Amino acid sequence: MKERPVEALVRGNNADLIREVARLYAPDPSVSIADVTFGRGTFWKRTPHLNVTGSDLHTVPARPYDFRDLPYADNSFDIVVFDPPYIAWPGNHMSDERYRNAETTKGFSPNDIRELYRAGLRECQRVARRQLWVKCKDGVSGPKQCWLHVHILQDAEGMGLVGRDLFILDATSRIPHGNWKTQKHARKPMSYLWVFDVRPNVQIL
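According to the numbering used here, the sequence shown is numbered sequentially starting from 814.
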């Protein structure tokens, strides 16, 4: 029976999302993948056949690497995956406890989060031979919308990366919201995963 086509909109959790991305962009299990914000490895629960090397400051004692300063040589992996902290307010947590988002970003502004992504993009671009898979989430900071997935595309293209695909995760779990009196913007439970192609011989800025 022919497999169903891969669709950009995925309903479920991060593991469901990665499974769909991998069906299209990592069908060969010999492809080398570095997950540089590995957490507890929940991204890969539905794709145990893939060749994944995980690192994380907090949860991988054998490889406690900062994704902005990796010890890998240039072009070490076919694909590099990263999902840095993107919650710009303290007190929330990801339901799968994959990464210490709120703790790591305590006191961060949206601009700080964007710079965190910029630094990660530069370093992961150096390490990747073929692609980057970058997870992110838009949000609201005070009265202002924060279009992080748009900013990431702009920054990545400025570094010479090529936006190949965009997946949207409609998560079945929801991050709890604090007290609020007047709603000014729609809540944004969805998150995104960019697939960027790495162009060879591009000077990393």
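Note that CB positions come from ideal geometry on N, CA and C, so glycine has one too.
On a predicted model such as this, the values are computed, not experimentally measured, just so you know.
- In the displayed model, residue 978 falls within a strand according to three-state DSSP.
- If you ignore the 5 residues before and after residue 876, its C-beta comes within less than 6 Å of the C-beta of 868, all in its own chain and listed in chain order.
- Counting only residues of its own chain and dropping the five nearest sequence neighbours on each side, residue 965 has a CB closer than 7 Å to the CB of 930, 947, 949 and 1007.
- Per DSSP, residue 1006 is one residue of the beta strand (DSSP E) stretching across 1004-1010.
- Under the 10 Å beta carbon count, residue 927 is surrounded by 16 or more other beta carbons and is classified as buried.
- Closest by C-alpha distance to residue 827, out of 860, 941, 890 and 945, is 860.
- Counting along the chain, residue 961 sits inside the alpha helix (DSSP H) bounded by residues 961-971.
- When the beta-carbon positions are compared, residue 895 and residue 834 stay at least 8 Å from each other.
- Checking the DSSP bridge columns, you'll see residue 941 partnered with 890.
- A Cβ-Cβ separation of about 7 Å places residue 1011 in contact with residue 945 under the 8 Å criterion.
- Sixteen is the threshold: since fewer than 16 other Cβ atoms of the shown chains lie within 10 Å of the Cβ of residue 925, the residue is exposed.
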